[in-house]
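Trainee: What follows is a structure written as C-alpha cells; I'll ask about it next.
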Amino acid sequence: AIVALDVLEHVDDVDAVAARFLELLAPAGRLITSAPTETAIYKIGRTLAGFGGKGHYHHTDAADIDERLVTGGFRVDATQRLYRSPLPHVFSLRRFVRS
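One point on numbering: in my numbering, the residue at position 23 of the sequence shown is 80, and numbering is uninterrupted.
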C-alpha cells in the first residue's frame, strides 16, 4: 500500500507523482489518499483555527487530485467520510486501485 494523507494538495505535479505511484505499487496494491475539499466550510474552519491569513499553500484540492489519479491510471475503489454530518465534508478519504 501507498499512503498519501494530506500531502498531494501540496505537490506541484500530481501527474508525475501518480505515474511514480503506479511504478511502485504492486499489482494488487492500494493507494490511500486524503485531501481537503476546499469548500467554504473548510475555509471558514481554517480562518477560525488561525490559518486564514497565512496565504494559500495548496496547489490543488481533493476533486482535482482524484481526477488526476484516475487519468493517471487509477480508479476509486472506496470512499469514506470522516464523520457523519448534514454539512458538506471537508476532507476526501479515498482508496484507489490500478484501473
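Just so it is clear, CB atoms sit at the ideal spot from N, CA and C, and this is done for glycine as well.
Could you give the first and the last residue of the continuous alpha helix (DSSP H) run that contains F78?
Mentor: Residues V71 to L81.
Trainee: State yes or no: is the C-beta of T136 within less than 8 angstroms of the C-beta of A119?
Mentor: No; because the gap between Cβ atoms is not below 8 angstroms, this pair is not in contact.
Trainee: Grab me the residues of V60's own chain with a C-beta within less than 7 angstroms of its C-beta, minus the 5 sequence neighbours each way, in chain order.
Mentor: Correct list, in chain order: I89.
Trainee: In whole angstroms, what separates the C-alpha of V154 from that of R132?
Mentor: The alpha-carbon atoms of V154 and R132 are separated by roughly 6 angstroms.
Trainee: Using alpha carbons as the reference points, say which of A85, S91, R125 and G130 lies closest to L150.
Mentor: L150 has its Cα closest to that of S91, out of A85, S91, R125 and G130.
Trainee: Ignore the nearest five residues each way along the sequence and tell me which others in L81's own chain have a CB closer than 8 angstroms to its CB.
Mentor: Cβ neighbours of L81 beyond the five flanking positions: I59.
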